[in-house]
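Q: Right, I'll just put the structure down here and ask away after.
Protein chains: 2
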Amino acid sequence: MEERRREILAAAGRVFARKGFERSTTAEIAREAGVAEGTIFRYFPTKRDLLVSVVASLVMESLPALLERIETGTIEDAIKDILRNRLDLIKENAPLLKLFFAEALFREDLREKFIEEVVLRATARAEAFYRQQQEQGNLRPLNPQIAIRCLMGMLGIFVIWKEFLGGDKYVRFDEEEVLETITTIYLDGVRDRGR
Amino acid sequence: MEERRREILAAAGRVFARKGFERSTTAEIAREAGVAEGTIFRYFPTKRDLLVSVVASLVMESLPALLERIETGTIEDAIKDILRNRLDLIKENAPLLKLFFAEALFREDLREKFIEEVVLRATARAEAFYRQQQEQGNLRPLNPQIAIRCLMGMLGIFVIWKEFLGGDKYVRFDEEEVLETITTIYLDGVRDRGR
DNA sequence: CTAAATTATGAGTGAGCACTCACTAAAATT
DNA sequence: AATTTTAGTGAGTGCTCACTCATAATTTAG
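Now the structure itself:
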């Protein structure tokens, strides 16, 4: 049944997200899914396939949302809106993204899949947005590939800090203030030009 | 002999950096170090201790360099100089940092050590720099904790892209242009105010 | 209701691997 | 030169864990 497949996939996702791939055992995944260990292997030939399927389903479900919704309005609003949307999306899938990220660091094949199907497509979309705004004279003529990554990096570090490293225990940030500050810095920089 | 200890540590670092912790075997580390497998355990009680020691030695050796050298001169130069120095330092230790990062994602104890001994100290130093410049009226009155992390994030994403994910295969960036653009954006933003 | 087909089970298997230990080689001490 | 101490070895051990397979339960077909 297709239902079982999804249950197993979901359980695997939870366990992987909790412990990472290597430290997760198929026994625990089976327990979490409420099936026998053997059942897993009726649906997925190897543990590795389980990982790839988990990741694939995440990508397939989240990517469309990641690529849509470029708002109009002032650039401030557009950027803040983009950041907010992406942040929500990331937060929803944080455990799995973390898993994926961790695995991608040492697994060429997973990494390629991720970079090609998510990163490159998302950045291309964002770069197009930058170029478009550039032509309208709203943004400075910087290299869009670099400029876009800078914005992603600013957002990314707070995601990594909070969602991946549990940094809240050490320093907790107010989300609105962060988004506000990122937008401010990205658009106008930190230099004080006098009032 | 103390020499052996360092050889084993170095070999372990190389193997861990290549494969990640779980996928590295003590047999391979022994081969890489040119010693018998049993010898490893005369110096390090467990494989885990090996990891912790590798990480500790990295931290101990790199941290001082990470914290010194806040230059004077214009803010542009100071920031560019800081970015350049940190980038060199990171690039030198990239494989081990990657390993550490990957492990930290799923290991509370390692993570705590890293955050407390490296991240918090480094950010505190940088925040102090920001505050100082703020008081001199050079930088806008933004939350220094956030502002500093934004700069780190901008730099960080390029490091992750190139050193951790091997993104050069897809998009390669000119280092100088990246540093230049980061500095520009960080100081003055991307908004076009007309010439 | 029975037979066949499908799906689920979990004890069992074998491979991999961290770690041990009985032994050897070398160095230090007498 | 003899003896003790220290350093190094690698085959062996026991445990973990992904994966198998003979059997059982459930569903479907006749």
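Chains A and B supply the protein sequences, listed in that same order.
Following this note's numbering, the numbering of the first sequence begins with 72 at its first residue and continues without gaps.
Following this note's numbering, the numbering of the second sequence begins with 72 at its first residue and continues without gaps.
Note that CB positions come from ideal geometry on N, CA and C, so glycine has one too.
Determine, for Phe229 of chain A, whether the minimum Cβ-Cβ distance to residues of chain B falls below 9 Å.
A: What you label residue 229 of chain A is simply residue 158 of the first sequence in a count that begins at 1. Cβ-Cβ to chain B under 9 Å: yes for Phe229 of chain A.
Q: Select from B:Arg202, B:Ala88, B:Asp239 the residue whose C-alpha is nearest the C-alpha of Ile146 of chain B.
A: Translated into positions along the second sequence, residue 146 of chain B becomes position 75. Per the Cα distances, B:Arg202.
Q: Below 7 Å between beta carbons is the criterion; list the residues of the stretch 200-215 of chain B that meet it against any residue of chain A, in chain order.
A: Cβ contacts with chain A: Gly208, Asn209, Leu210, Arg211, Leu213, Asn214.
Q: Please report how far the alpha carbon of Phe92 of chain B lies from the alpha carbon of Leu236 of chain B, in whole angstroms.
A: Reading the second sequence from its first residue, position 21 is the one you call residue 92 of chain B. Reading the second sequence from its first residue, position 165 is the one you call residue 236 of chain B. C-alpha separation (whole angstroms): 17 Å.
Q: Please classify Thr96 of chain B as buried or exposed, where buried requires at least 16 neighbouring CB atoms within 10 angstroms.
A: Here residue 96 of chain B refers to the residue found at position 25 when the second sequence is read from its first residue. Exposed.
Q: Determine, using beta carbons only, whether Met223 of chain A comes closer than 9 Å to chain B.
A: Translated into positions along the first sequence, residue 223 of chain A becomes position 152. Met223 of chain A counts as touching chain B.
Q: Taking a Cβ distance cut-off of 8 Å, strictly less, list which residues of the stretch 150-178 of chain B are near chain A, in chain order.
A: The residues in question are Lys169, Phe172, Ala173, Ala175, Leu176, Phe177.
Q: Any residues in the stretch 105-136 of chain A with a beta carbon nearer than 9 Å to a beta carbon of chain B? Which ones, in chain order?
A: Listed in sequence order: no entries.
Q: On the criterion of 16 or more Cβ atoms from any shown chain inside 10 Å, does Pro135 of chain B qualify as buried, or is it exposed?
A: Taking the first residue of the second sequence as 1, we reach residue 135 of chain B at position 64. Exposed, by the Cβ-count rule.
Q: Note down the Cα distance separating Glu73 of chain A from Asn214 of chain A, rounded to an integer number of angstroms.
A: As a position in the first sequence, residue 73 of chain A is number 2, starting the count at 1. As a position in the first sequence, residue 214 of chain A is number 143, starting the count at 1. One C-alpha to the other measures close to 47 Å.
Q: I want to verify the contact list: residues of chain A whose CB lies under 9 Å from the CB of Asp148 of chain B, in sequence order.
A: Here residue 148 of chain B is taken as the residue at index 77 of the second sequence, counted from 1. None at all; the shortest Cβ gap to chain A is about 13 Å.
Q: Mind checking who Leu236 of chain A pairs with in its DSSP beta bridge?
A: The residue given as residue 236 of chain A occupies position 165 in the first sequence. Bridge partners of Leu236 of chain A: none, in fact.
Q: Do Glu234 of chain B and Leu168 of chain B count as a contact pair if the criterion is CB distance below 9 Å?
A: Residue 168 of chain B sits at position 97 when you count from the first residue of the second sequence. Residue 234 of chain B sits at position 163 when you count from the first residue of the second sequence. Taking 9 Å as the Cβ cut-off, Leu168 of chain B and Glu234 of chain B qualify as a contacting pair.
Q: Between which two residues does the alpha helix (DSSP H) harbouring Tyr241 of chain A extend?
A: Against the first sequence, residue 241 of chain A aligns to sequence position 170. It is not in any alpha helix (DSSP H) - Tyr241 of chain A carries neither H nor E in the DSSP assignment.
Q: Using a Cβ distance threshold of 8 Å, determine whether the stretch 223-230 of chain A contacts the stretch 181-196 of chain B, with at least three qualifying pairs required.
A: No, because fewer than three Cβ pairs between the stretch 223-230 of chain A and the stretch 181-196 of chain B fall closer than 8 Å, the two stretches do not touch.
Q: Which residue comes first and which comes last in the alpha helix (DSSP H) that contains Arg157 of chain B?
A: Within the second sequence, numbered from 1, the residue matching residue 157 of chain B stands at position 86. Residues 146-163.
Q: Could you say which of A:Leu250, A:Arg211, A:Gln216 lies nearest to Met225 of chain A if we only look at CA atoms?
A: As a first step, residue 225 of chain A must be located in the first sequence, where it is residue number 154. Among A:Leu250, A:Arg211, A:Gln216, the Cα nearest to that of Met225 of chain A belongs to A:Leu250.
Q: Along the chain, which unbroken stretches of the beta strand (DSSP E) at least 3 residues long are found entirely within the stretch 104-136 of chain A?
A: Those beta strand (DSSP E) runs which fall completely within the stretch 104-136 of chain A and span 3+ residues do not exist here.
Q: Along chain B, in chain order, which residues have C-beta atoms closer than 9 Å to that of Phe244 of chain A?
A: Here residue 244 of chain A is taken as the residue at index 173 of the first sequence, counted from 1. Those within 9 Å of Phe244 of chain A in chain B are Asn214, Gln216, Ile217, Arg220.
Q: What does Asp259 of chain A reach in chain B if we use C-beta pairs closer than 8 Å?
A: To locate residue 259 of chain A, count along the first sequence from 1; it is residue 188. Simply Asp259, Gly260, Arg262.
Q: If we call anything under 9 Å between Cβ atoms a contact, is Arg211 of chain A one with Val261 of chain B?
A: For the purposes of this step, residue 211 of chain A is taken as residue 140 along the first sequence, with counting starting at 1. For the purposes of this step, residue 261 of chain B is taken as residue 190 along the second sequence, with counting starting at 1. Yes, they are a contact pair.
Q: With burial defined as no fewer than 16 other Cβ atoms inside 10 Å of the residue's Cβ, what is the status of Gly208 of chain B: buried or exposed?
A: Taking the first residue of the second sequence as position 1, residue 208 of chain B is located at position 137. Label assigned to Gly208 of chain B: exposed.
Q: Indicate whether the contact test is met: 3 or more Cβ pairs, each with one atom in the stretch 108-119 of chain A and one in the stretch 145-164 of chain A, closer than 8 Å.
A: Result no; under three Cβ-Cβ pairs closer than 8 Å.
Q: Between Arg94 of chain A and chain B, is there a C-beta pair that is closer than 9 Å?
A: Position 23 of the first sequence, counted from the first residue, corresponds to residue 94 of chain A. Closer than 9 Å: yes.
Q: Can you tell me which of the three DSSP states Leu213 of chain B falls into?
A: Start at 1 with the first residue of the second sequence, and residue 213 of chain B comes out as number 142. Coil.
Q: Hey, quick one: how far does the alpha helix (DSSP H) through Leu80 of chain B stretch, first residue to last?
A: Sequence index remark: in the second sequence, residue 80 of chain B carries index 9 (1-based). Note, Leu80 of chain B: alpha helix (DSSP H), 73-90.
Q: Helix, strand or coil, according to DSSP, for Arg192 of chain A in the structure here?
A: As a position in the first sequence, residue 192 of chain A is number 121, starting the count at 1. Note: Arg192 of chain A maps to helix in three-state DSSP.
Q: Would you kindly work out how many angstroms separate the C-alpha atoms of Ala195 of chain B and Leu138 of chain A, rounded to a whole number?
A: Reading the second sequence from its first residue, position 124 is the one you call residue 195 of chain B. Reading the first sequence from its first residue, position 67 is the one you call residue 138 of chain A. Each residue's Cα considered, the two are about 36 Å apart.
Q: What does the alpha-carbon distance come out to for the pair Ile100 of chain B and Arg77 of chain A?
A: Sequence index remark: in the second sequence, residue 100 of chain B carries index 29 (1-based). Sequence index remark: in the first sequence, residue 77 of chain A carries index 6 (1-based). Distance between the alpha carbons of Ile100 of chain B and Arg77 of chain A is about 40 Å.
Q: Buried or exposed: which applies to Thr255 of chain A, given that a residue is buried once 16 or more other Cβ atoms fall within 10 Å of its Cβ?
A: Residue 255 of chain A sits at position 184 when you count from the first residue of the first sequence. That one is buried.
Q: Interface residues of chain A around Val249 of chain B at Cβ under 7 Å?
A: The count along the second sequence starts at 1 and reaches residue 249 of chain B at position 178. The answer, in chain order, is Ile217.
Q: What residues of chain B sit near Lys90 of chain A, judged by a beta carbon separation below 9 Å?
A: Taking the first sequence and counting its residues from 1, the one referred to as residue 90 of chain A is at position 19. Simply Phe177.
Q: Is the Cβ of Gly84 of chain A closer than 9 Å to any Cβ of chain B?
A: Along the first sequence, read from residue 1 onward, the residue named residue 84 of chain A stands at position 13. False, the Cβ-Cβ gap to chain B never drops below 9 Å.
Q: Cα separation between Cys221 of chain A and Ala82 of chain B?
A: To locate residue 221 of chain A, count along the first sequence from 1; it is residue 150. To locate residue 82 of chain B, count along the second sequence from 1; it is residue 11. About 36 Å.
Q: Taking only the alpha-carbon atoms, compute the straight-line gap between Arg178 of chain A and Arg264 of chain A and give it to the nearest angstrom.
A: For the purposes of this step, residue 178 of chain A is taken as the residue at position 107 of the first sequence. For the purposes of this step, residue 264 of chain A is taken as the residue at position 193 of the first sequence. Their Cα atoms are separated by approximately 47 Å.
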